[in-house]
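> First, the structure itself, so that you have it in front of you.
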Amino acid sequence: SMASDPLPVLPPAPQQFKPIQHYLRTAQEHDKRDPVVAYFCRLYAMQTGMKIDSKTPECHKFLVKLMDQLETMKKQLGDNESITQDVVGNAHIENYAYKMFLYADTEDRAGRFHKNMIKSFYTSSLLYDVLTVFGELTEENVQHRKYAKWKAAYIHNCLKNGETPQ
Amino acid sequence: MGSVGASVASAEQDDLSQRLSRLRDQV
Chain A
1 SMASDPLPVL PPAPQQFKPI QHYLRTAQEH DKRDPVVAYF CRLYAMQTGM
51 KIDSKTPECH KFLVKLMDQL ETMKKQLGDN ESITQDVVGN AHIENYAYKM
101 FLYADTEDRA GRFHKNMIKS FYTSSLLYDV LTVFGELTEE NVQHRKYAKW
151 KAAYIHNCLK NGETPQ
Chain B
167 MGSVGASVAS AEQDDLSQRL SRLRDQV
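In order, the protein sequences belong to chains A and B. Numbering of the first sequence is given in our numbering, commencing with residue 1 and proceeding in unit increments. Numbering of the second sequence is given in our numbering, commencing with residue 167 and proceeding in unit increments.
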């Protein structure tokens, strides 16, 4: 069926696109788990990539393939309201980002520090970036993003240095 | 040659922007 058609394969990312790699990786990790999240991660990567460089031939080639992926996904997702209506898509990504944030925050407050909670903080911060495809973030979302990014880096460093996060 | 190259690049750029707009139903 169409839903199981593989996505067009991206060429290796040019050096200029290092900043969008995290979002593309998050997209891949969600292709099966939550395709709506995967779609908007790619859309954010696309918009950001076009701002970085869409003229250099290898950048242009990469973006064309990424656009092919997005168009394929949009067809597969069909009339999913999260794709066809911004207000629904916005709510979907915001809820997902907040769910990840809450999970990591709960683990943090319980003193359970591990790789999975660090990744949840980090992914949550990336998804708040992705949320900007719908417009400016609310102040609350800006605070969550900042806190999640900081916590992920802080706990990661503590664990790396064998220290207990405070 | 240079200006032909530039206009080709700009047409390609327009194409990507248009595809992005269509994707977002903003056409």
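We treat Cβ as the ideally placed atom computed from N, Cα and C, and that holds for glycine. The structure presented is a predicted model; accordingly, all values stated were derived computationally and were not measured.
Name, please, each residue of chain B whose Cβ falls closer than 9 Å to the Cβ of A/LYS74.
LEU189
> Three-state secondary structure (DSSP) at A/PRO14?
coil
> Go through its chain and collect everything with a Cβ distance to A/TYR96's Cβ below 7 Å, but skip five positions before and after it.
ASP34, VAL37, LEU127
> If you follow the alpha helix (DSSP H) that A/ASN141 is part of, which residue opens it and which one closes it?
Note, A/ASN141: alpha helix (DSSP H), 139-160.
> For A/PRO8, which residues of its own chain have a beta-carbon under 7 Å away from its beta-carbon, when the five flanking residues on both sides are left out?
LYS65, ASP68, GLN69, THR72
> Would you say A/HIS156 and A/PHE101 are within 8 Å of each other, going by their C-beta atoms?
no
> Short check: CB of A/TYR23 to CB of A/TYR44, under 8 Å?
For A/TYR23 and A/TYR44, yes; Cβs fall inside 8 Å.
> Distance check for A/TRP150 and B/SER187, CA to CA, integer angstroms please.
34 Å
> Please report the distance separating the alpha-carbon of A/SER1 from that of A/GLU58.
Below a pLDDT of 50, predicted positions are generally treated as unreliable, and A/SER1, at 46, falls in that range; no measurement from the model is reported.
> If we ignore side chains and look at the alpha-carbon of each, how far apart do A/ASP86 and A/PRO14 end up?
30 Å
> Drop a sphere of 10 angstroms on the beta-carbon of B/MET167, count the other beta-carbons inside from all chains shown, and report buried for 16 or more, exposed for fewer.
Residue placement at B/MET167 cannot be trusted, given a pLDDT of 46 that sits under 50; the coordinates are not used to answer.
> With burial defined as no fewer than 16 other Cβ atoms inside 10 Å of the residue's Cβ, what is the status of A/ASP5: buried or exposed?
exposed
> Should A/LEU63 and B/LEU182 be called a contact, given that it needs their Cβ atoms to be closer than 8 Å?
yes
> So, for A/ARG42: in the same chain, excluding its five sequence neighbours on each side, which residues have a beta-carbon less than 8 Å away from its beta-carbon?
TYR23, LEU24, ALA27, LEU66, GLN69, LEU70, MET73
> Nearest to A/LYS99 by CA position, among A/LEU159, A/PRO165, A/LYS119, is which residue?
A/LYS119
> With 16 as the cutoff for other CB atoms within 10 Å, does A/GLU94 come out buried or exposed?
buried
> Nearest-angstrom Cα distance between A/ASN172 and A/VAL142?
It is not possible to answer for residue 172 of chain A, since the shown part of chain A is limited to 1 through 166.
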